[in-house]
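Position one of the sequence shown corresponds to residue 45 (the numbering used here), numbered consecutively onward. Don't be surprised by glycine CBs; every beta carbon is placed ideally from N, CA and C. The model shown is predicted, which means the values in this text are computed figures rather than measured ones. Below is one structure, written out as structure tokens, with a few remarks after it.
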Amino acid sequence: MISLTVNGKPQRVDADPATPLLYVLRNDLQMNGAKFGCGLGQCGACTVMIDGEAQFSCVTPVSSVQDRPIKTVEGLGTADDPGPLQRAFIEEQAAQCGYCIAGVLMRAQALLEKNPAVSEAEIRAGLSPNLCRCGSHARIVRAVRRAGAAMQRADADRQTKGAAQ
45 MISLTVNGKP QRVDADPATP LLYVLRNDLQ MNGAKFGCGL GQCGACTVMI DGEAQFSCVT
105 PVSSVQDRPI KTVEGLGTAD DPGPLQRAFI EEQAAQCGYC IAGVLMRAQA LLEKNPAVSE
165 AEIRAGLSPN LCRCGSHARI VRAVRRAGAA MQRADADRQT KGAAQ
């Protein structure tokens, strides 16, 4: 048995230690946000966050992520209550076919968690490992900038409320 923490919840799976994390997420835990694209860690459709870093789950053995926090797109929000980044992608209509979007969201989330004031150049460089064949790049960049601004406003509001108490 392998113990994992996915989206803050402990999970136990009976899987071969060499099994790619992507397969465990999709097949064992029924988390289908991360997609199988190339299976070689070259397209980014399978991107998740491990220890706050964007990682290709298709080439990550499940045994290597025991006792490390894993975040998937399912951990960002729901259809009824999307997270700030998901909300920005909706508002900017940043997804076309949607196949790559879960991976792009996770790589963008990792960028924003490090620096919500990320520049356009940093966004483009940071998202470069993830491929989008639909040509939504300009909308994706706008959505990440919008989410970063929303996160900065939320942080400022929290600080103001904390100082007032």
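Residue range of the beta strand (DSSP E) that includes residue i
i: alanine 98; result: 97-100
i: proline 61; result: Looking at the DSSP string, proline 61 is not in any beta strand (DSSP E), and its letter there is neither H nor E.
i: methionine 45; result: Note, methionine 45: premise wrong, no beta strand (DSSP E); not H, not E.
Assigned exposure category for residue i - 16 Cβ within 10 Å defines buried
i: glutamate 136; result: buried
i: serine 180; result: buried
i: lysine 158; result: exposed
i: cysteine 90; result: buried
i: proline 160; result: buried
Sequence-distant residues of the same chain with beta carbon closer than 6 angstroms to residue i, five excluded per side
i: valine 68; result: Val57, Ala59 and Val106
i: threonine 49; result: Pro113
i: arginine 70; result: Asn76
Where residue i sits in the DSSP three-state scheme
i: arginine 190; result: helix
i: leucine 156; result: helix
i: serine 108; result: helix
Start-to-end residues for the alpha helix (DSSP H) that takes in residue i
i: proline 128; result: 128-135
i: leucine 171; result: 164-171
Does the stretch 126-135 come within contact of the stretch 80-93, defined as at least 3 CB pairs closer than 8 angstroms?
As far as the Cβ criterion goes, the stretch 126-135 does not touch the stretch 80-93, which means the pair count is below three.
Answer yes if the stretch 141-155 comes into contact with the stretch 165-178, meaning at least three C-beta pairs across the two stretches below 8 angstroms, and no otherwise.
Yes: at least three Cβ pairs fall under 8 angstroms.
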